[in-house]
Structures are given as structure tokens and as C-alpha cells.
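Residue numbers (the numbering used here): 1094 to 1277. Notes follow the structure.
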């Protein structure tokens, strides 16, 4: 049997149960702790904001889908969706601010103080913004901010740019934005 046959086939997302975590090199984490202080309060606030936001809007959206509580409270699905969308935007502004403050409070590698790194970050920010903004324009406000949980459905699936380039362009775009900001 050759070595390719002995390795488990890892499929996307579900394949992680096949990973042998005893083979993980933990020395990378010890190197990371020299450059990141996870006990710094601003870092902890940012981590909490990163975890809280999607947890909050998923719980609220699923609650709305089951009970129509926000729709009743606000008198209709569109007003309720717009109010939740505005709250999500405000939470995202706070999360972004928390991340920026946390990054400024962390030690910076000398390697990161190069003009090439800055321009790489700017390029990632530009590409990420392109994906986020074009996704928003393709989906509209209610398509972006959980309108389907309020019963607000689009006529048809969006298949144009950026959805014809990659899956989940808003998530990948946001990831590129945060990585770009970290590099800058």
C-alpha cells in the first residue's frame, strides 16, 4: 500500500473529524504568544465582540423565524428586518473598532513595518471591500440582513458578480478586510 492510500480523505468542513490532532506542532502557539498578548483587556473585548455578533444575529433571526416576534413588535417584516439590520451594522462598527483598538495594543513585528506589507494590506482591503460592497448591492439590504428569516425572499437566486466568482463573497471579503487592516 502506498502512502497516499493510508491517509484519510478530508472533505470540506466535515473532514476535520479525520484529523489526528496529536500530530499538531504546538510550538507555533508558543511563538504566537510572544507576539500576541491574549490577556490584554482590549484583546479580550475584541474576541468577545467577534464571537458575540454572529451568535446574536443567528439567535435573533431564528427566534424571529419561529415566533415572528420582531415582526409583531415592529408592525411588519420590512420594518423589523431594517431595525435588526441597523442593529447588526452598529454591532459590526463596534466590533471593527474593538479589533482596531486591540491590534494597536499588541506588539508589532518589525517585518510588518515594510512598505510592501502595507501595500499588500491595502490590496487585500480593496479586494475585500469590492466583494463586500458588490455582495450588498446584489442582495440589497433585506437580502444581506437576514430578510429570509422575516419571510422576505428574493425573486431568484443571485448568480451574478461576485457570487459567480466565489461562494460567500461577503464573508471572504470581510476576512480580507480584517487581514488587510492587520497588515496595514
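Heads up, the beta-carbon is just placed ideally off N, CA and C, and yes, glycines get one too.
- With 16 or more other Cβ atoms inside 10 Å of its own Cβ, residue 1181 counts as buried.
- Contact check for residue 1222 against residue 1266 passes: the beta carbons are separated by less than 8 Å.
- Taking the C-beta atoms as reference points, residue 1214 is found nearer than 8 Å to residue 1274.
- Residue state for residue 1132 is assigned as coil, using DSSP reduced to three classes.
- In this structure, DSSP gives residue 1119 a state outside helix and strand, which the three-state scheme calls coil.
- Each residue's CA atom was taken as its position, placing residue 1158 and residue 1116 some 43 Å apart.
- In this chain, the alpha helix (DSSP H) harbouring residue 1263 covers 1262-1276.
- Non-local beta-carbon contacts of residue 1167 in its own chain, meaning distances under 8 Å to residues more than five positions away in sequence, involve 1173 and 1176 in chain order.
- For residue 1208, the enclosing alpha helix (DSSP H) has its first and last residue at 1208-1237.
- Secondary structure note for residue 1196: its alpha helix (DSSP H) is the uninterrupted segment 1170-1197.
- When secondary structure is reduced to three states using DSSP, residue 1259 falls in the coil class, being assigned neither helix nor strand.
- Taking C-beta atoms as the reference points, residue 1119 and residue 1211 fail to come closer than 8 Å.
- Sorting 1208, 1257, 1260 and 1149 by C-alpha distance to the C-alpha of residue 1238 places 1149 at the top.
- Scanning its chain for C-beta atoms nearer than 7 Å, with the 5 sequence neighbours on each side dropped, one finds around residue 1187 the residues 1142, in chain order.
- Contact annotation: residue 1135 and residue 1198 have beta-carbon atoms nearer than 8 Å.
- Under the three-state reduction of DSSP output, residue 1252 falls in the coil class, being neither helix nor strand.
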